[in-house]
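Protein chains: 4
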Amino acid sequence: MIVILRSDATEEQIQHIVEKAEGLGLSANISRGVEKTVIGLIGPEDVLRVTPLEVFPGVEQVIPVLAPYRLVSREFKQENTIIKVTDKVSIGGEKIAVMSGPCSIESAEGMRSIAKVVKDAGANILRGGAFKPRTSPYDFQGLGEEGLKYLKEAGEEYGLATITEVMDSRDIELICKYVDILQVGARNMQNFSLLKELGKTKKPVMLKRGISATIKEWLMSAEYLLANGNFDVMLCERGIRTFETATRNTLDINAVGVVKHLSHLPVIVDPSHGTGKWGLVGGSAKAGIAAGCDGLMIEVHEKPEEALSDGPQSLIPEKFSALMKELDKIAVAVSRKLL
Amino acid sequence: MIVILRSDATEEQIQHIVEKAEGLGLSANISRGVEKTVIGLIGPEDVLRVTPLEVFPGVEQVIPVLAPYRLVSREFKQENTIIKVTDKVSIGGEKIAVMSGPCSIESAEGMRSIAKVVKDAGANILRGGAFKPRTSPYDFQGLGEEGLKYLKEAGEEYGLATITEVMDSRDIELICKYVDILQVGARNMQNFSLLKELGKTKKPVMLKRGISATIKEWLMSAEYLLANGNFDVMLCERGIRTFETATRNTLDINAVGVVKHLSHLPVIVDPSHGTGKWGLVGGSAKAGIAAGCDGLMIEVHEKPEEALSDGPQSLIPEKFSALMKELDKIAVAVSRKLL
Amino acid sequence: MIVILRSDATEEQIQHIVEKAEGLGLSANISRGVEKTVIGLIGPEDVLRVTPLEVFPGVEQVIPVLAPYRLVSREFKQENTIIKVTDKVSIGGEKIAVMSGPCSIESAEGMRSIAKVVKDAGANILRGGAFKPRTSPYDFQGLGEEGLKYLKEAGEEYGLATITEVMDSRDIELICKYVDILQVGARNMQNFSLLKELGKTKKPVMLKRGISATIKEWLMSAEYLLANGNFDVMLCERGIRTFETATRNTLDINAVGVVKHLSHLPVIVDPSHGTGKWGLVGGSAKAGIAAGCDGLMIEVHEKPEEALSDGPQSLIPEKFSALMKELDKIAVAVSRKLL
Amino acid sequence: MIVILRSDATEEQIQHIVEKAEGLGLSANISRGVEKTVIGLIGPEDVLRVTPLEVFPGVEQVIPVLAPYRLVSREFKQENTIIKVTDKVSIGGEKIAVMSGPCSIESAEGMRSIAKVVKDAGANILRGGAFKPRTSPYDFQGLGEEGLKYLKEAGEEYGLATITEVMDSRDIELICKYVDILQVGARNMQNFSLLKELGKTKKPVMLKRGISATIKEWLMSAEYLLANGNFDVMLCERGIRTFETATRNTLDINAVGVVKHLSHLPVIVDPSHGTGKWGLVGGSAKAGIAAGCDGLMIEVHEKPEEALSDGPQSLIPEKFSALMKELDKIAVAVSRKLL
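If you read the sequences in order, they're chains A, B, C and D. For the first sequence, our numbering assigns the number 16 to the initial residue and increments by one for each residue that follows. For the second sequence, our numbering assigns the number 16 to the initial residue and increments by one for each residue that follows. For the third sequence, our numbering assigns the number 16 to the initial residue and increments by one for each residue that follows. For the fourth sequence, our numbering assigns the number 16 to the initial residue and increments by one for each residue that follows.
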C-alpha cells in the first residue's frame, strides 16, 4: 500500500499515519521528495482495506500494491486450470469448447431438434435458458423445471454436456439435478449471495462479466466462488456497455489476453451477446479464438423469427455449421483445435 | 412499432412482415420512400416484443414507439407519488427527505450516537447497512440481524424512520420486522428474483440505479415492483460508471429531470456514492436539490478513519450539520424546504 | 514516481532501474515487501515522462506522484483567477457570468434582436457561432466573417461582451478583431496546434471539455494555453459521452467541484449541450450554480423551430427570462449573485 | 424521417408539422395508433437536418431513416475500395497491409535500422511520427521536417511505402513532399478544417477513429474527405475509451465487421494503441485479421526502454518478426495473405 501525501501535509500528520499502520502490524517506509512525501506500507494489505487511509488528514491518494484477489491469480496457480465437465468434455485444454443452442428453452421437441444441429456441427455443450432474466416484467420468463427436463433429455440423447443460467439461490439445488454447468448471468455478477451459494456446489460455474464490470471486479467475483470452495470456474466475456450503439454490446477482445495473463481460469467468449447481431457473430467468434479464448458460447435457433428471446443474434443451423468449419481453421492457426 | 426496411427489400419480404403483424392483431401502414420503405405497425406492442422482427429478411431496423413501462409512467399517473413512510415522514411532497447515517452498522452505541447527530442536524431518516455487498469476499460483510436491531432501536429513540439494504430474497421477511424502507442496491437493480419478492411486500422500496443502467432499464426494474403490487417505490440516482477516474462515479444530474418527466415516482440523490469523496458531497447534494430531487442520501460517520466501509465518502458530524443549513437555503430557492 | 515490481523481479532488474533513475538525476528509495518490492523515485518527474519505465524488465506498474500540470494548478496559484473580459464584465468573482445567444449567427437583425433579449434578461455576454463544427459536411457551416460583424455590432449596441468559437489557427487573427472571448470547442480540446496559437493571443479563452476527456487531460490542454503565455483561461463543462441515450450528453456536475479543487481557473457550465433538451436546461443550470460554477452558457433562440443548428436545446426568450430570475435565487443561496 | 408524437399531441399540432414538411418538398404519411400517432416523412432528409422538428409542439422523438453519409456507404459503391498507395503497395485487396515502425521518428540511423527490421519481417509500410500530438506541452513534440526526411530516406532504401500523422492544415503541403499516406490522429477525427484540406490532396488518408467517436460519426468524418474529392480513404480502429483501466483503450473488434458492412472503405486495426501493452498486441492483432480487417498498424522499437513516446506498447524486433509469421497463419485461415 502506498500513501501519497498532500504537499502541505504536516510532520504530525505523517506520524499519525505511521503509528496507525504500525499498530496494524505493518512497517512504514517514508520517501521525502521535494514536492511530495510518499509512505510505503509493507505487510498484509487486507488489514488496510478496512482502514480508510484516504480520510486521514494530509493524505492525497492511497494506492494498493497487491491484487485484491488471491485464489484466481496466476501467482497462486501458474498452470492453466482445465475443468472436467463430463467424461467427454473438458474446458481449458487444447480443444476449444463450443456451447450452443437457443437463448430460451421453448419445447421438448425444439430442444431435441437443435441438439442434433449442435452435435452435427461439432459443438460439445448444449445451452438453453429455463429461468430468464428479462428487463421487462411482461416478457417471457422461461419454462422453469419443465425446461430443465427438456434440456437434460436432449443433452443425453446427443451426448452433449449442458449449461443453463441460475438466477436465484433457491433454484440451485433443482438446477444441479439437471445440468452440468451453472451459468451466472451478467446482471448477477455481483449478486454476492448467489455467488456464495454457488461456491458451495460441486458443479462447474461459468461467470459472465457484468455489463460494466472492470476485469478486476470480475476476478473478485470469481474469487467469491473459489473462496467458498468451488475451483471449477470459467469466465465469460460477453461484451461491455459503451457509448457505441451500432452493436448491442462492445466485445472486449483485449479482456481475453488480460484475463489469461492475470488468472489460471479458462476464458469463454460469447459473440452472440457481444455483438447482438447475427451478421457479426462469425467475425467476433473468430477474433475470440485468435485472441486465445478457451471456448465460445453461440446462440443457434432454427427459426429466429419465432424465437421467444434474442432472435436477432441467433444463427440459423446452416450458418452455424458453416461457421464451425471456419472456426476450426482459426483454432488450428493458433495451435488449438475445435472439431 | 416502426420497421425500416433495407433498400434492397423485396415486395415479397414486405408482405411477409405485414402478414405476420396482421396475424398478431396489428394493422400495418406502409410508407414507400425513394430510397427506403417504412412500415408502421399499430396495436399493442407487447406482442411484438416476443417476435423479433429484426430477423425477418429485408429488415434493417425496428424501432419501438411506445415506452416499455406502463405503471411507473407519467402517462399512467400524472400527479407526483407521495410515499407515506411513517406518521411523520413522507417522501415526494414539498419537504425534501434526508437519509443519513453510516455505510455499515458497527455497534449499538455507535448507531445511537450517530442517530442523535442525524436528528439534531434536521434529517428525518436513519440509514445503516446490516447486509453489505462487498466486492471482496474477504471484506466485512455486515452484522446481519444484530445490526438491524441496533438500527431499529436508534431510530425509535430519536424518532427517525429507517432504511437498510436487502440483498437476498430470503432476508426480506426478517428485515421487514425492523426497518421502514427497503433499499435495493445498484448491483441488484436487475436481480429480478429479488424485485419480484419485494413487489409483494407492503414496505416502501428505494431502488438504486445500476452503475451502468440506462434510465429506461431503471424504470423497467421499478415496473417489476409496481407490477407485483408495490406502488411505494422511489428511485435513487447514485452515480454511473464512466471513463472519468477523478471521482468514484459520475453523478448523472440530468437523470433527475428526465425521471421526473417520465415518471410520477420520487427521486432521491446520493451524493456520497455519486462522488466517492467527502469534499465533493456538499456541492453535488446542493446540485441535486437545485435539479429537483425529492430527497438525499448522505453518509455520515463520527470517525471516518475507523469506518468499516466507505469512510472516504462520509462526512463528519460538524460538516454534515453545517451542510444541512446550506441545503435548506437551496431548497427554499426552489420553493421546497428541508429543515 | 513509484515503480511497483513484479513478484518475480530479480535483484539485477531492480539495480537496472535504480541505475537508470540515478543517471537521470533522481534518487531511489527501495521498499521490499513480502510479496512485492516498490521503488520510490524522488526528483523532477518530467525526465521520467520520456523514459518509459513500464517496459523495463521486472516492472509491473509505474505510478506518477506529481500532477503533470503546473501552471493551472491550485498549488501554483492559490487564489481564484478572475478574468477581466471588458471594463464591465469579469469572470471568476462573486458575480456569475451568463453567456447567451443562438448556436449559429444567422442574420444581423436576428443577432440584434436576441442581444436585446439577452440583455433584458440580465445576462452579460453574447454568444453566437460564425464558424461551426458540423458532423456532416452537408450541414450549415456558419456565416464566417460576416457573422462576426453581426455579433460585434449587436454586442456593442447592447453593452454585452462577446464570445465565439475558433476552429482553425488561420482564423484567430480575424476573430480577435471582432470578439472578446475565444472559445475552443469540445472537438478541438486536444487540437494542440490550435492551443499553442491561442496561447500566444491576449484574448481570454474558454476551453470546452472534450466529449470523453478526463479532467486531467482537460487541465493538460489548459496548460498548453498557460505555458504559451495566456493566463486568461476558463474551463467549460459541457457534458461527457456515456452509455445513457436519454440525454445528448451527461453533464458531469462533479467536475465543477473537482476542477475548483485542483485549479485556480474559473469554471463555466453549459447546460444546453450538457443535456441537449430545452426542458432539462433549467434544472441543470441551477445545479451548476449550486455546485459552485462561475458562469453559465445557455442557448437562446427566438424561433427554435427555424434555428439552423441546435434548436432542440435552445430556450425561447420568455423561458430564458423566467429562468434567469430563478437562477439568481440559487446564486444568492450560495452567496453569489447573477442579476 | 419518422416523427413520433406525444400521446397528448393535438390535431392542430399534427397539421403544423405536415404543412412544414410539405413546404420543404416532403410528403407525409400519418399512422394513428391507439396511444400514439406517427408521421412518416418521405423525400430528401437533408432538408430536415436543418429544421429541428424535435422542437415542434407535440413532438416526442424524431428518427432519421436514411444514413447521413452517402459517398462512404456500401449503397453508393458495392465493391470494396482498393487503394493503390505505390506501385508495390495496395490496401483493401487480398493482401493484408502491415504498417510498422516507431511511434516517433528519433534519428536518421534509427529509422534506417528499424526500416530493415520492418522489411525483413515482411511488412510493407513504414510508420513514424514527425509531428506528435502530446497531452503535455512539456513532452517531446517531434522532429518536424527533419524527421520526415529520415522517414522518406529509410522508406526508399528498403522499398517501403510511408505513413505519418498530420496535425495542422499548414503542414499538409510539406508532408505531401515526403510521405505516401497521411494519417489523421484520433484527437483530430473531428477537426473539420483539417479534414476539408485533406480532402483536396491526392494522397491516401488514414482516418483514425476518435477515442469516443461512434462508428456513424467516424463515417461522417470520412465523408468530409470524400465530399471534398479524396476517395483514397482508409479507416483505422485504434481502441475506444471505456471504463476499463486494465488496458489503455478498448479495441472495438466488432467495429471491423460493422464498418465492412456499412462502407466500401478498407479498415485497418491498430492493436498497439488498442491495447497499450506490448504483451497484448499479438492477440489483438490476430483478432483483427480474424475479424476481417485489411491491414494492421503495429509499433516496433529497437529499444522500447529509450523510446521517446509509447514505449510500453512497442514490440521489440524479434517479437515482431515472430508475430508476423503467426499473423500470416491467421490470414491464410480467413483466405487472405500477409507475407
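We put the CB at the ideal spot given by N, CA and C, even for glycine. Bear in mind the structure is a predicted one, so any value in this text is a computation, not a measurement.
Closest Cβ-Cβ distance between I226 (chain B) and chain A: below 8 Å? yes
Evaluate contact between the region 117-127 of chain B and the region 289-306 of chain B, counting only Cβ atoms and requiring at least three cross-stretch pairs below 8 Å. no
Starting from the N-terminal side, write out each stretch of the beta strand (DSSP E) that is 3 residues or longer and does not extend beyond the region 69-146 of chain D. 74-78, 112-116 and 140-142
Check each candidate in A:A302, A:A306 and A:P72 and name the one with the smallest Cα separation from A305 (chain D). A:A302
Could you round the C-beta distance between D247 (chain D) and P219 (chain D) to whole angstroms and report it? I think they count as a contact, below 8 Å. 4 Å
Assuming the contact rule is C-beta atoms closer than 8 Å, Q28 (chain C) and G58 (chain C) should be a hit. Round their C-beta distance to whole Å, please. Not really, about 21 Å apart at Cβ, beyond 8 Å.
Provide the residue span of the alpha helix (DSSP H) that contains K340 (chain A), from first to last. P332 to A348
Could you give the distance in angstroms between the alpha-carbon of I268 (chain D) and the alpha-carbon of K231 (chain D)? 16 Å
Please report the distance separating the alpha-carbon of E188 (chain C) from that of N206 (chain B). 59 Å
Are the CB atoms of G307 (chain C) and G116 (chain B) within a distance shorter than 8 Å? no
Cβ closer than 8 Å: which chain B residues qualify as neighbours of T265 (chain C)? I255, T257, T265, D267 and N269
For H288 (chain C) and chain B, any beta-carbon pair shorter than 8 Å? no
As a quick exercise: from C:G38, C:E171 and C:I78, pick the residue whose alpha carbon is nearest that of M16 (chain C). C:I78
Please list the terminal residues of the continuous alpha helix (DSSP H) segment that includes L209 (chain D). F207 to G214
Neighbourhood of E168 (chain A) by C-beta distance below 8 Å, restricted to the same chain and skipping five residues each side: A123, M126 and R127
For the candidate residues A:V113, A:K340, A:S287 and A:G55, whose alpha-carbon lies nearest to that of I140 (chain A)? A:V113
Cβ-Cβ distance between V199 (chain C) and T179 (chain C) below 8 Å: no
One question on the structure: do A8 (chain C) and R224 (chain C) come within less than 8 Å of each other, judged by their Cβ atoms? Because residue 8 (chain C) is not part of the residues shown, which for chain C are 16 to 354, the question remains open.
Listed in chain order, which residues of the region 19-44 of chain A have Cβ atoms closer than 7 Å to some Cβ of chain C? I19, S22 and N44
Which residues in chain B sit within 9 Å of Q198 (chain A), going by Cβ to Cβ distance? What Q198 (chain A) touches in chain B: nothing, since even the nearest Cβ is about 15 Å away.
Identify the continuous beta strand (DSSP E) that holds T52 (chain D) and give its terminal residues. T52 to I57
Ordered list of beta strand (DSSP E) runs contained in the region 277-317 of chain A, each at least 3 residues: 282-284 and 310-314
Let me check one thing: in DSSP terms, what residues is R47 (chain A) bridge-paired to? A:T52
Looking only at its own chain, which residues have a Cβ that is under 8 Å from the Cβ of E172 (chain B), when we skip the five neighbours before and after it? R127 and A130
Is it right to say F91 (chain C) is buried, meaning 16 or more other beta carbons lie within 10 angstroms of its own, or is it exposed? exposed
Closer than 7 Å at the beta carbon, the chain G residues around H276 (chain D): Among the protein chains of the structure shown, namely A, B, C and D, there is no chain G.
For chain B, find out if any of its Cβ atoms is closer than 8 Å to the Cβ of R149 (chain A); answer yes or no. yes
Segment limits, beta strand (DSSP E) that includes V248 (chain D): V248 to E252
Do we get a CB-CB distance below 8 Å when we pair T260 (chain D) with the residues of chain A? yes
What three-state label does DSSP hand E259 (chain A) in the structure shown? coil
M182 (chain A) by DSSP, collapsed to three states: which one? coil
Run the CB neighbour count on D102 (chain A), radius 10 Å, all protein chains shown included, and call it buried at 16 or more, exposed below. exposed
Tell me, which residues are paired with D267 (chain C) by DSSP? B:D267
Considering just the uninterrupted stretch of the alpha helix (DSSP H) at K192 (chain D), what are its terminal residues? I187 to Y193
Report the CB separation of M249 (chain B) from S287 (chain B) in whole angstroms; it is logged as a contact under 8 Å. With a Cβ gap of about 17 Å, M249 (chain B) and S287 (chain B) do not count as contacting.
Could you name the residues that DSSP lists as bridge partners for Q198 (chain B)? B:E180 and B:M221
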